[in-house]
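Each remark here refers to the structure printed beneath this line.
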Amino acid sequence: MLVIYAVYFLYYFADMATSANTMVKQTESRTEVHIFLIALILLLGVFYLFQLKWKLDDPFRLGFFLMIVWCVITDFIVGASFWGIATHVGLLVLFYLIYYFGGHYINTPNRYRLVLVLECVLWAVTMYYAVQAYINFNEYHDGDRDSVLNMAYNVLVFVPFLLQIKNRPIKITTLVISAAYIIVSLKRGAIITFVVMMVVYFWLSRKHNKGKGVRITKKQTCLLIIGVAAFCIAAGIVDNKLGGALSKRFSLESLMFGSTRGDLYAAAWKNITNRSFFSVLIGTGSGSSLSIIGSGVHNELLEFLFSYGMIGMLLYVVTLIAGIRRGRQIYKANNDQYLPKGKVYAMGLVYMILVGLFGSAVFSHMFFHIMLAMGMANSPAMQEAGRSSQDGQ
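In structure tokens, the structure reads:
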């Protein structure tokens, strides 16, 4: 695991030092980023191959696997570009492998705790670069316009790990810092996804009493009220400091016409409707949206339809449904409010669905952490660590 994380840290530093999300514009070569990603895929691939435990009894992993297979078939049929395949299929393979790794290697409480420590270190590194991004973008715009920061998603993916921290002051502090940055980022998708993830976490934290169903304790109700009030107050302060920029981002006009998404959707749909039936069925291959309409579609349902056809879109939907089914299995089997397994898995699905609706989840590097968290929810280690912590209390 330390080797895996060593390579990931090398990738992460290389990515943050050259990414347009932190540096405003990409001015340096990202060759090292690609090299470290390839190394990470190879290391996880070796682990996967030597496990000899490939039975696809997890419906989500089965759906994800079939989705990858179909993407490869489409790319082979249409002759997709090498870089298109590398950036799309390569990421899907990486996420599949880290999901497997989380469920099969992180199988003891000690490994589970070590992962939490490493993810918290990565969160701290991310916050450093997130602040740098805020400074860089404000200097670049010279105060003429509000900066909308994609780094909000880099922070958001760590929330499922932060909620597993046993030390309450550290947990609350890291969550407050994360929430504050996500609000300041003015990124609507990240703000909405964060709120829904927290609501889902709270809802699944209800107390289970044998034979008496489920109820919400007074303590949980108080925490919910305090959390909602604090979030609203923070949002109001940020909105006031930025001259109403946050509320403008959520106005009806801005939601409908405030970005280029409408134009992208229209361009993608026009291209799809002008295709032959065979092309609509199988798609135009990895990376084709970038070469045809000049950008990703910013909606994964439409992206899969565009790039991998009706079959690819159907497999994507099936994978989401399979994920919901798997999440229900985990939650029902571990329905103690102190055990985070079902809650973490559900938060990962919320991220995958909502971020996929607003932009891109499964084709974004940061989805690595979400898939790792969801994979860990399949392992008994999270359950054992949760129970030992509960017993210690």
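Residue numbers (the working numbering): 217 to 609. Where is the CB? At the ideal position from N, CA and C, for every residue including glycine.
Less than 7 Å between C-beta atoms, sequence neighbours within five positions excluded: which residues of the same chain meet that for residue i?
i	result
Leu-420	Tyr-547, Gly-558, Lys-559, Ala-562
Thr-234	Gln-242, Glu-244, Arg-246, Val-249
Ser-523	Gly-499, Thr-500, Gly-501, Ser-502, Ser-504, Ser-505
Val-416	Ala-562, Met-563, Val-566
Leu-480	Ile-509, Ser-511, Val-513, His-514
Val-305	Ile-284, Cys-287, Val-288, Asp-291, Ser-502
Gln-348	Thr-238
Val-240	Asn-352, Phe-353, Tyr-356
Ile-293	Ile-498
Phe-225	none
Ala-396	Ala-450
When you compare the CB positions of residue i and residue j, do they come within less than 8 Å of one another, or not?
i	j	result
Ser-580	Gly-300	no
Leu-256	Tyr-227	yes
Phe-311	Thr-342	no
Ser-363	Tyr-350	yes
Ile-314	Leu-531	no
Phe-263	Tyr-328	no
Met-529	Val-496	no
Ile-399	Ala-451	yes
Leu-518	Ile-408	no
Gln-380	Leu-332	yes
Leu-440	Ile-488	no
Phe-584	Gly-405	no
Taking all protein chains shown into account, decide if residue i is buried (16 or more other Cβ within 10 angstroms of its Cβ) or exposed.
i	result
Lys-269	exposed
Arg-542	buried
Gly-427	Bear in mind that the predicted position of Gly-427 carries a pLDDT of just 43, short of 50, making it too unreliable to give a figure here.
Asn-237	buried
Ala-340	exposed
Phe-473	With a pLDDT of 47 at Phe-473, under the threshold of 50, the modelled position of that residue is not reliable, and no figure is offered here.
Thr-390	buried
Val-371	buried
Asp-177	Residue 177 is absent from the structure shown; the chain starts at 217 and stops at 609.
Met-217	exposed
Met-232	buried
Ile-586	buried
Arg-277	buried
Gly-572	buried
Val-578	buried
Val-201	Absent from the structure is residue 201, since the part of the chain shown begins at 217 and ends at 609.
Phe-410	buried
Phe-447	buried
Ala-230	buried
Ala-549	exposed
Phe-281	buried
Ala-482	exposed
Pro-556	buried
Pro-376	buried
Please work out which residues of its chain come closer than 6 Å, Cβ to Cβ, to residue i, disregarding the five sequence neighbours upstream and downstream, and give them in chain order.
i	result
Pro-275	Ala-538, Arg-541, Arg-542
Gly-319	Gly-591, Asn-594, Ser-595
Ser-401	Leu-365, Ala-368
Asn-323	Ser-595, Ala-597
Asp-607	Residue placement at Asp-607 cannot be trusted, given a pLDDT of 43 that sits under 50; the coordinates are not used to answer.
Gly-279	Val-534, Thr-535, Ala-538
Ala-296	Gly-501, Ser-502
Phe-494	none
Gln-609	Any reading at Gln-609 must be qualified, since the residue scores a pLDDT of 40, below 50, and its modelled position is unreliable; the value itself is stated next. So no residue of the chain qualifies.
Lys-486	none
Gln-545	none
For residue i, which residues from the same chain have a beta carbon less than 8 Å from its beta carbon, with the 5 sequence-adjacent residues on both sides left out?
i	result
Val-223	Phe-252, Ala-255, Leu-256, Leu-259
Asp-455	Ala-461, Leu-462, Ser-463
Leu-378	Cys-336, Trp-339, Lys-387, Thr-390, Leu-391, Ser-394
Lys-403	Val-364, Leu-365, Asn-366, Ala-368, Tyr-369
Phe-317	Ile-220, Leu-260, Phe-263, Tyr-264, Leu-588, Gly-591
Met-568	Leu-536, Gly-539, Ala-577, Val-578, Phe-583, Ile-586
Val-412	Val-566, Leu-570
Taking only runs that begin and end inside the segment 387-428, name each unbroken beta strand (DSSP E) of 3 or more residues, in chain order.
423-425
Just list the alpha helix (DSSP H) runs in the segment 501-546, keeping only unbroken ones of 4 residues or longer that don't cross its boundaries, in chain order.
504-509
Can you list the alpha helix (DSSP H) stretches of 4 or more residues lying completely in the segment 250-321, in chain order?
275-294, 298-320
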